[in-house]
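Please read the structure below before turning to the comments.
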Amino acid sequence: MSSIRTLKNFLAITRHKSVAAAAREIGLTAAAAGQQLQQLEKEIGLELFDRTKRSLSLNAHGRSLIEPIQEIVARYEALSSHLKSDLSGTIVLGALVSTLMGAFGKTLNELKQNFPSLEVKLIAGLSSDFLDQVLEGSIDAAIVTESPYALPQNVQWTELYKEPMILITPVSKLKRKESASPIGSNLPFIRFERNTWTGHLVDQTIKANKLSIQEGMELNSVEAIVELVRQGLGYSIVPKLANIAWSSDRQLSIHELEGKTIFRKVGLLERKKHTRQNVTQMIKQQFLISAKK
């Protein structure tokens, strides 16, 4: 019979899509992690991954086992929590890197301080990617922006906080050429990747404020965009992240848009039923407490 460690190894491989990366996470050698996977498949009597020389892809059998195995692991980890008053065990969360620079980073720190026996594993990525991972059960939940599309019926999104979309320009360029409009014709627009959920908000902001822009670069990282603007390589529209000292940044100029303010709403995406709902509920409550302070 497979051990809990073997089941955790399987879940880690499904998240990383790599035996070596999964082995590093759970403290095994790549060879040992591979042997555990082979042993699990032997006991079940089915191959759980489609293999080539260079890739490992979860097949239909493997996908069907993710949620049952997650439940087994969660129940095992919860055995001791019945005798404790705090949260424990492991939760796997997807998170936009920009949310860790925003309000979620502070809440995550408070959660860890209040519940030291709770292990939070974070996976960075894009909102649209996390939706698929939540649906297939390879992660428990994700901190993502509000979807511009209707969500599947078996998932739910709860708003946690919101950030206004702002226009940023480099201070150095403005000093060289003062203008009534911060959007200078000599500066290219650095756009957040347009096919992402945040990218849709950038388009909404441009249309709502009737801005005329000169297209330049396109990136999928708020942090990288901010840094490029600091270096004077262009201007951009980004969410006003909570934990950045915008007003004291000597290399950036922040501009209020005269038209409609568009907000990036950040929330928690999860299946309507999953084994770590006690933790996701606590995350929501932590935000409510922080909002009242």
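Be aware that the sequence shown starts at 681, since it is given in our numbering, and climbs by one per residue. We put the beta carbon where it would ideally sit given N, CA and C, even for glycine. Please read these numbers as outputs of a predicted model, since none were measured by experiment.
CB-CB length for residue i against residue j, believed under 8 Å
{"i": "V777", "j": "E903", "result": "6 Å"}
{"i": "T849", "j": "V918", "result": "The Cβ separation is near 11 Å, so there is no contact."}
Identity of the residues DSSP links to residue i by a beta bridge
{"i": "A822", "result": "G774, L949"}
{"i": "A804", "result": "A775"}
{"i": "F690", "result": "Looking at the DSSP assignment, F690 forms no beta bridge with any residue, so it has no partner."}
{"i": "E843", "result": "R944"}
Residue i classed as buried or exposed, judged by whether at least 16 other C-beta atoms fall within 10 angstroms
{"i": "P832", "result": "exposed"}
{"i": "K688", "result": "buried"}
{"i": "G774", "result": "buried"}
{"i": "G769", "result": "buried"}
{"i": "G725", "result": "exposed"}
{"i": "L968", "result": "exposed"}
{"i": "S818", "result": "buried"}
{"i": "S928", "result": "exposed"}
Residue from the options whose Cα sits closest to the Cα of residue i
{"i": "Q716", "options": "L691, S735, G805", "result": "L691"}
{"i": "I924", "options": "G769, S735, S698, F784", "result": "F784"}
{"i": "F872", "options": "A701, G914, I963", "result": "G914"}
{"i": "T955", "options": "R755, S901, K920", "result": "R755"}
{"i": "I823", "options": "Q965, H880, K945", "result": "K945"}
{"i": "R743", "options": "T694, L791, K733", "result": "T694"}
{"i": "I870", "options": "E816, K890, G896, Q884", "result": "G896"}
Straight-line Cα distance separating residue j from residue i
{"i": "Q961", "j": "S892", "result": "43 Å"}
{"i": "Q813", "j": "L806", "result": "11 Å"}
{"i": "R951", "j": "G912", "result": "43 Å"}
{"i": "E826", "j": "T878", "result": "9 Å"}
{"i": "S765", "j": "E799", "result": "Because the pLDDT at S765 is just 46, under 50, the model does not fix this residue reliably, and the point stays unresolved."}
{"i": "R906", "j": "K801", "result": "Strictly speaking, residue 906 in this sequence is Val, with Arg absent from that position. The alpha-carbon atoms of V906 and K801 are separated by roughly 27 Å."}
{"i": "N789", "j": "R734", "result": "38 Å"}
{"i": "I684", "j": "A830", "result": "37 Å"}
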